[in-house]
Structure formats: structure tokens, C-alpha cells
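K.L.:
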Amino acid sequence: MTTLTTEHARAWADRFVTVGAERNDELTELDRQAGDGDYGTNLRSALRRAAANLTGEPTSPHEVFLAVSEAFLNTGGTSGPLFGMWFREFAKAAKGREVTAVVLGEAATNAVAVVQRLGKAEVGHKTMVDAMVPAAEALSAAAARGATVPDALAEAASAAHVGAASTKRLLAKRGRASYVGEHARGVVDPGALTVAYFFDAATPSSS
Ligand code: ADP
Ligand code: MG
Ligand code: MG
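The sequence shown begins at 36 in our numbering and counts up one residue at a time.
1. When you measure from the CB of Gly70 to every non-hydrogen atom of ligand 2, does any distance come out below 7 Å?
2. Can you tell me whether Asp60 sits near ligand 2, meaning its C-beta is under 7 Å from at least one heavy atom of the ligand?
3. So Thr135 packs on Val184, CB below 8 Å; how close in whole Å?
4. Going by DSSP, what residue range makes up the alpha helix (DSSP H) through Asn59?
5. Which runs of the beta strand (DSSP E), 3 residues or longer, sit entirely within the stretch 185-209?
6. Using a 10 Å radius around the Cβ and a threshold of 16 neighbouring Cβ atoms, would you call Glu98 buried or exposed?
7. Enumerated in chain order, which unbroken segments of the alpha helix (DSSP H) with a length of 4 residues or greater are wholly contained in the stretch 83-122?
8. Apply the 10 Å Cβ neighbour rule to Met36 and answer buried if 16 or more other Cβ atoms are within range, or exposed otherwise.
9. Just confirm the distance between the C-beta atoms of Ala85 and Ala48, as a whole number of angstroms; I'd bet it's less than 8 Å.
10. Could you spell out where the alpha helix (DSSP H) holding Asp224 opens and where it closes?
11. List the whole-angstrom C-beta distance separating Asp165 from Gly198, where the pair is believed to meet the contact cut-off of C-beta under 8 Å.
Following this line, the structure appears as C-alpha cells:
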């Protein structure tokens, strides 16, 4: 049984900060087409705060997740608080224990439940939930098979990408994209894509 080391968690968060910056224009363009175009600005400020929080040299995966969570909770837009609450469940799950693939699966399952309780989005409503649910399912399934933490996270990334891609053909039922109706069809949801980039960042070769 492998566990998520502090070094891995830290590198994962650092790569997420990097990838988020690299993908900022792309994500902004998606929110411009389907929302109000501020997604990248919101994400940039969250990731800047995350990077600043991480200079405190976290000593456990719990502290890494908490640093990222607090950064998003202090950011505006719909995505900031929802991601903040999502990451908070990873921090909670990691507190005071070894972070196995089973723990990550439980964390991801609880995390998307919190996002759904707050945002009332179901799978198919064209939001971040469309990537969060398949990622949680993939993590739990991998954990049940005894997969290593890196393998389970790679499977979560693949599932999140499939979920994010699925939002392209959907008509939004939640968020600003729902105000523009058919105009947002054909546009991938930036929140869902960010979830996929987050799980990509768990694997070194991804950035
Ligand atoms: P805003 O609409 O306030 O400008 P952002 O641009 O920060 O918000 O974030 C938009 C993202 O938030 C969308 O791409 C979508 O993934 C997510 N989102 C919007 N509404 C919801 C909701 N009710 N539940 C889950 N996610 C949502
Ligand atoms: Mg927006
Ligand atoms: Mg906005």
C-alpha cells in the first residue's frame, strides 16, 4: 500500500499552480464564450494565493491541501468558494493520517458531495461536477483494486478529462452558462477542465 508523501503533495500543488497559469488564457476564453470571461482572473488570484501559502513549507499532505483550499476560499467568482470547499475535504481527509488511495477516494467522494450540496449541480449540468464525479469514482475504483497512489491519481485524471470533454455537447443547467442557453453548447466548461488539470498535475510528466 503506497501513500501520498508530503513531497508528492507539494509537487502536485506546485504543478497545479504552473499548469493553471499556462492554461489561463484557454480557460478565460471558455468562460468568455459561455459565461462572463472572468474565470482566468479568479483562478489566477487563487493560484497566486496558493503559491504564497505554500511558501510556508507544509509538512504534511493535509497542510498542502489546506493551503490550496484557503487560497480558493478567499477568491471571488462562483468557482473560488466551490473549489475551496472541494479542496477542504481533501485537507480534512488527510488530517493526521496516511493518505492512501482509499483515503483519496473517500476525500474526492465527500468533496464532490459538498460542492453539489452548495451548488445544486448534478452530473450533466455542465459544471465542474461533471469532472469531479467521474474522478471520484475512478479514484475509489482504483483504490478498491489496490492501485498505488500515483496510478489511482492518473486514472482520476483520465476520468476527469472524459467528464470535462462531455460538457462540450451539454446545455448548461447551472451557472452563468445557463443564461446563454444554446450559445454555450459546443464550449467545454472551464471549471470541469480545471479539475482535469488538477489531477494531471499529480503526475510529473504532465507539465
Ligand atoms: P462566475 O459565474 O461567478 O463568473 P467563475 O467564472 O469563477 O464564476 O466560475 C465558473 C465555473 O463555476 C463554471 O465553469 C462551472 O464549472 C462552475 N459553476 C458555476 N455554477 C456552478 C454550480 N451551481 N455548481 C457547480 N459548479 C458551478
Ligand atoms: Mg465567470
Ligand atoms: Mg463572474
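Quick reminder that beta carbons are idealized off the backbone N, C-alpha and C, glycines included.
These numbers were taken from a predicted model, which means no experiment stands behind them.
P.N.:
The relevant details are as follows:
1. Judged by the Cβ position, Gly70 qualifies as a neighbour of ligand 2 at the 7 Å threshold, a heavy atom of the ligand being closer than this.
2. No - ligand 2 has no heavy atom lying nearer than 7 Å to the Cβ of Asp60.
3. With a Cβ gap of about 7 Å, Thr135 and Val184 count as contacting.
4. Segment Asn59 to Ala69, the alpha helix (DSSP H) holding Asn59.
5. Qualifying beta strand (DSSP E) stretches: none in this window.
6. Taking all protein chains in view, the Cβ of Glu98 is crowded by 16 or more other Cβ atoms within 10 Å, so the residue is classified as buried.
7. If only complete runs of 4 or more residues are kept, the stretch 83-122 shows the alpha helix (DSSP H) at 96-108, in order along the chain.
8. Looking at its Cβ environment, which holds fewer than 16 other Cβ atoms inside 10 Å, Met36 is exposed.
9. Here Ala85 really is in contact with Ala48; their C-beta atoms are around 7 Å apart, less than 8 Å.
10. Counting along the chain, Asp224 falls outside any alpha helix (DSSP H), and DSSP gives it neither H nor E.
11. Contact between Asp165 and Gly198 holds: CB atoms are separated by about 5 Å, below the 8 Å threshold.
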